[in-house]
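Have a look at the structure below before the remarks.
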Amino acid sequence: MSQSGTCCQRCQEIADSACTKIATASAEGTELRRIFRERDLTTLFQPLVACDSGRVLGWEALLRGPHGPLHRPLDLFRAAERHGCLVELDVLSQRLAIRRFAESPAGSDGSLFLNVMIESVQTGAHLHNLTGPCVENLGMDSNRVVMEISELHPTADIGALAQAVSHFQREGFRVALDDVGAGYNGLRLWAETRPDMIKVDRYFVHGIHASDEKRRFLEAIVRLAHSLGSQVVGEGLEEAADLEVLVGLNVEMAQGYLYAHPAPVPPFPTHTPADHPATRRDEGPTGQTARTLAEPHESLLPFHSVADVADIFLRVPHIDFYPVVKPDGQVLGMVWRREFMNRLLYRYGYDLFHRKPINRLMDRHPIIVDVRTPLETVSRLITDSDFGHRKEAVILVDNGRYVGVGTFTELLRLITDIKVQSAHYANPLSGLPGNIPIRAELQRLLDEGRAFTALYIDLDHFKPYNDHYSYEDGDKIIRHVSHLLQRVSGGEFVGHIGGDDFVLITRLSSRGEAIAAQLIAEFASSIGRFYSAVDREAGGIVGKDRQGEPRRFPLMSLSIGAVHVRADTLSHQQHLSSLMTRAKKAAKAAGGNTWYLLENDGPQVANPENGNPPFVSVANAT
Ligand SMILES: Nc1nc2c(ncn2[C@@H]2O[C@H](COP(=O)(O)OP(=O)(O)OP(=O)(O)O)[C@@H](O)[C@H]2O)c(=O)[nH]1
Numbered sequence: 001m002s003q004s005g006t007c008c009q010r011c012q013e014i015a016d017s018a019c020t021k022i023a024t025a026s027a028e029g030t031e032l033r034r035i036f037r038e039r040d041l042t043t044l045f046q047p048l049v050a051c052d053s054g055r056v057l058g059w060e061a062l063l064r065g066p067h068g069p070l071h072r073p074l075d076l077f078r079a080a081e082r083h084g085c086l087v088e089l090d091v092l093s094q095r096l097a098i099r100r101f102a103e104s105p106a107g108s109d110g111s112l113f114l115n116v117m118i119e120s121v122q123t124g125a126h127l128h129n130l131t132g133p134c135v136e137n138l139g140m141d142s143n144r145v146v147m148e149i150s151e152l153h154p155t156a157d158i159g160a161l162a163q164a165v166s167h168f169q170r171e172g173f174r175v176a177l178d179d180v181g182a183g184y185n186g187l188r189l190w191a192e193t194r195p196d197m198i199k200v201d202r203y204f205v206h207g208i209h210a211s212d213e214k215r216r217f218l219e220a221i222v223r224l225a226h227s228l229g230s231q232v233v234g235e236g237l238e239e240a241a242d243l244e245v246l247v248g249l250n251v252e253m254a255q256g257y258l259y260a261h262p263a264p265v266p267p268f269p270t271h272t273p274a275d276h277p278a279t280r281r282d283e284g285p286t287g288q289t290a291r292t293l294a295e296p297h298e299s300l301l302p303f304h305s306v307a308d309v310a311d312i313f314l315r316v317p318h319i320d321f322y323p324v325v326k327p328d329g330q331v332l333g334m335v336w337r338r339e340f341m342n343r344l345l346y347r348y349g350y351d352l353f354h355r356k357p358i359n360r361l362m363d364r365h366p367i368i369v370d371v372r373t374p375l376e377t378v379s380r381l382i383t384d385s386d387f388g389h390r391k392e393a394v395i396l397v398d399n400g401r402y403v404g405v406g407t408f409t410e411l412l413r414l415i416t417d418i419k420v421q422s423a424h425y426a427n428p429l430s431g432l433p434g435n436i437p438i439r440a441e442l443q444r445l446l447d448e449g450r451a452f453t454a455l456y457i458d459l460d461h462f463k464p465y466n467d468h469y470s471y472e473d474g475d476k477i478i479r480h481v482s483h484l485l486q487r488v489s490g491g492e493f494v495g496h497i498g499g500d501d502f503v504l505i506t507r508l509s510s511r512g513e514a515i516a517a518q519l520i521a522e523f524a525s526s527i528g529r530f531y532s533a534v535d536r537e538a539g540g541i542v543g544k545d546r547q548g549e550p551r552r553f554p555l556m557s558l559s560i561g562a563v564h565v566r567a568d569t570l571s572h573q574q575h576l577s578s579l580m581t582r583a584k585k586a587a588k589a590a591g592g593n594t595w596y597l598l599e600n601d602g603p604q605v606a607n608p609e610n611g612n613p614p615f616v617s618v619a620n621a622t
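Numbering (full-length UniProt numbering) for the sequence shown: 1 to 622.
Spelled out as C-alpha cells, the structure:
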C-alpha cells in the first residue's frame, strides 16, 4: 500500500483532471485512474552525500507506482503519457514528495531533489506555479528544492526548456540536469540551460576505479562543469574504491547504494564503510571509533508481544529503550519507553495493541552505526540531524550484525576526553595537534600498512620577516598558514611541528599532489597582503642573513616536501621523517614556491614559478 493518500485541495483537482482524461476502456486506463483516485503512489528517498566529508546534503524523491506493471516510474510515466495525463502525474508526484519530505525528520534540514519531466515542463505547467505554493505552504524555502530535469524522449524545443529552467531559477529553485552522459540531449541541454548541478549517469561512476576511460571522461566533465559554474553529482555509487576516485576528481556529491538504498522515510547513511575516505579523514587524533561506545544491551525479538514488552518496561524501570533484533542479528528498530507507554495510554491503546508483535510499535528508524565509524562522525551524525528523542542512544552493528548500544551521555564523555587530550598536545598558537599527536598519527598509518602521502610544509624567509616587522606579525602569518592548510586539507590531518613548520597527511594519496599545488597557489596569491605596500612593490624586504650581513629577501614562499608512502613499504617512523626532511630540503634547494614529491619509483619536483613542465624527475628515492 502507498503512503497516506490524502493531500490538499489542489492535489484533488489535479487528480480529478487526470481522471477525466483517462479512457477506462483498457485495464491500464482503469488502473491508472484508480492510482490517481487513491493516490496509490509511493515516494522513496535516497540521500545525496558530500563526497569529501560524507555529510548528507539532500535527498532525491523517487516515485513508485503500486506493485504490478506500473511500479517502475518510467512505465508509469509512459502510461500517463499514453492517456494524456503526464503533466498531472508529474505535478502530483512532486507535490506528494514535498509533503512527505516536509513531514519527515529530514524535512527541517537538507535539500529535496525533485524529478520533473521535460515533457511536462514544456507544456508550461510549471508556469502555473503548482509546486511553488506547495513548498511555501509547507514552510520549505524554495532554495532547498532542486528541480532535476529528466527526459522521456528527445527534446525538440530546447529554447522553451531553457526558458523553463530560468523560470525555476528565478523562483529560487536550483536546477540539476539528470543522467548527463546517457540522455538524448545531455550536452546541448547543458550548454543552453546553465543548470546549477549536473548529475553524471551511473555508467561513468560504476567501476571508475578500474577504468581509465571512465576516469578521463569524468575528469573532463568535472572540468567543464566547474568552468561553467555547475556542481557535479555522481549517480549509482556502490563501491568505496569508486568514491576515492570521485573525491580525487573533486566531484562534489554522490548518491548510491554505498550510502543508502531508497527508503520511504529519508534514510541517513548509517553504515559508513570503514574505508570511506570521509570516514578515514574524520578519524580524530586518538583514532577512536564507535566500538569504544558499545555496551552490551538486552534486545527484543520482533515477535515479542506488546504485552510482554510492557511487562519488561514495568519490571526494569531503569532501562529506557530496547533494540529489536532478528535472531540472525539484523537490527529492525528500537522501542523507546516514553513513546511506547504513551501509545498504550491512549484510549483503548492497550486493548488494541497488547496481542500485536512489538514491531508494530517500534521506531523503525533509529540511528544505526557501524562499530568502525569514527567517534567524531557519530557525534556529527547526532548533532547535525534532527533525530529528536532518538539522540538518546545509537545502535551499534558490526558488518550489519547487532553488537550493543552506545548512549549519548557516554559519547559526550568520550568526545570531551578526546578534546581535553588534544588540547593538551596542541600548539598554542595555531591550536593544531603538535609533535606527539603528529608522531602518533604517522605511526598509526605505518602500522595499518595503508598508502598515504605526508606533506612537510615550511615557510621560506620567515625569520627576516619576523625580524623586520614583529613577532606578532609573524604570528599572523603562522595562523594564516594554519587556516590555509586546514581549508585545503578538506578535513584531513594537519599538524603544527612548531615555528613555521607544518605537516599535512592525506590518506587519499592521489590527492597529495593536488593539495600541494593548491597550497602553493593560494599561499603565493595571498602572502602579499601581509607586507606594506612599499615592500610589496619592491618584491621583498632588506634584512640580515644568518651571518649578520645585510641582504634582500624576497616575499615569503612555501616549500613543501611530500612523501608518497606506498602500502606496506615502510614501518619505521624515523625512516619516514628522514624522507620528509629530504623532500623538504630538495624543495628548499629548488627555491621559491616549490613542492617536491618523493616516490618509490622516482622523485619529482614541481615549481610553478619556473614554468612548464611542472614535474621534473631528478633521481630515485629508494
Ligand atoms: N612569530 C613567531 N615566530 C616564531 C614562532 N616560533 C618560532 N618562530 C621564529 O621562526 C623563525 C624560524 O627561523 P627559520 O627556520 O630560520 O625560518 P626561515 O627564515 O624561514 O628559514 P628556513 O625555514 O630555513 O627557510 C625564528 O626566527 C623563530 O624565532 C612563533 O610561534 N611565532
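Quick reminder that beta carbons are idealized off the backbone N, C-alpha and C, glycines included.
Since we're looking at a predicted model, the values are computed, not measured.
Inter-residue distance for Gly110 and Tyr465 is about 46 Å (C-alpha atoms, whole angstroms).
For Ile497, the Cβ stays outside the 7 Å cut-off from all heavy atoms of ligand 1.
Distances from the CA of Phe462 to each of Leu375, Arg546, Met556, Phe452 were compared; the closest alpha carbon is that of Met556. Following the DSSP letters along the chain, one finds His496 inside the beta strand (DSSP E) bounded by residues 493 to 498. Rounded to the nearest whole angstrom, the C-alpha separation of His83 and Ser17 is 12 Å. For Leu429, the three-state secondary structure derived from DSSP is coil. Secondary-structure assignment with DSSP links Asp16 through no beta bridge to anything. Rounded to whole angstroms, Arg188 and Ser26 show a C-alpha spacing of 38 Å.
Cβ-Cβ distances below 6 Å link Ser120 to Leu86, Val87, Asp90 in the same chain, with the five nearest sequence neighbours on each side left out; the list follows chain order. Membership of His564 in any alpha helix (DSSP H) is not indicated; the residue belongs instead to the beta strand (DSSP E) covering 557 to 565. Per DSSP, the unbroken alpha helix (DSSP H) holding Arg215 starts and ends at 212 to 227. Annotated three-state conformation of Arg188 is helix, per DSSP. Contact annotation: Leu381 and Ile415 have beta-carbon atoms that are not nearer than 8 Å. A contact is defined here as three or more CB-CB pairs under 8 Å, and the segment 356 to 369 meets this definition with respect to the segment 321 to 340. Taking the CA atoms as reference points, Gly159 sits about 32 Å from Arg215.
Inclusion of Ile358 and Leu300 in the CB contact set at 8 Å is warranted, their separation being smaller than that value. Less than 8 Å divides the Cβ of Leu455 from the Cβ of Leu504.
Between the alpha carbons of His354 and Arg401 lies a distance of about 28 Å. In this structure, DSSP gives Ala50 an extended state, which the three-state scheme calls strand.
DSSP, read as helix, strand or coil, puts Ile319 in coil.
Between Leu597 and Ala562, the C-beta gap is smaller than 8 Å, which places the two residues in contact. Listed in chain order, the non-local C-beta contacts of Gln231 below 6 Å within the same chain comprise Met197, Glu252, local neighbours out to five positions each way being set aside. In the structure shown, the three-state DSSP call for Asp460 is strand. Apart from sequence neighbours up to five positions away, the residues of its chain that approach Gly539 with a beta-carbon distance below 8 Å are Pro554, Leu555, ordered along the chain. Here Gln574 is exposed, its C-beta having fewer than 16 other C-beta atoms within 10 Å. Comparing alpha-carbon positions, the option among Gly474, Val233, Ile221 lying closest to Cys51 turns out to be Val233. Relative to the non-hydrogen atoms of ligand 1, the Cβ of Asp458 comes within a distance shorter than 7 Å of at least one.
Taking a contact to require three or more Cβ pairs closer than 8 Å, the segment 36 to 52 and the segment 252 to 262 qualify as touching.
If you draw a 10 Å sphere on the C-beta of Asn143, you find fewer than 16 other C-beta atoms in it, and that means exposed.
Taking 8 Å as the cut-off, the Cβ atoms of Ala260 and Gln46 count as close.
Boundaries of the alpha helix (DSSP H) around Arg170: 158 to 170. DSSP places Ser422 inside the alpha helix (DSSP H), whose first and last residues are 408 to 424. Short of 6 Å from the beta carbon of Glu103, and not among the five residues preceding or following it, lies no beta carbon of its own chain. By DSSP's assignment, Asp370 forms a beta bridge with Val397.
Of all alpha-carbon atoms in Pro323, Ser305, Cys11, Ala307, the one lying nearest the alpha-carbon of Glu295 is that of Pro323. Residue Gly349 holds the alpha-carbon nearest to the alpha-carbon of Arg360 among Arg511, Gly349, Leu32, Pro428.
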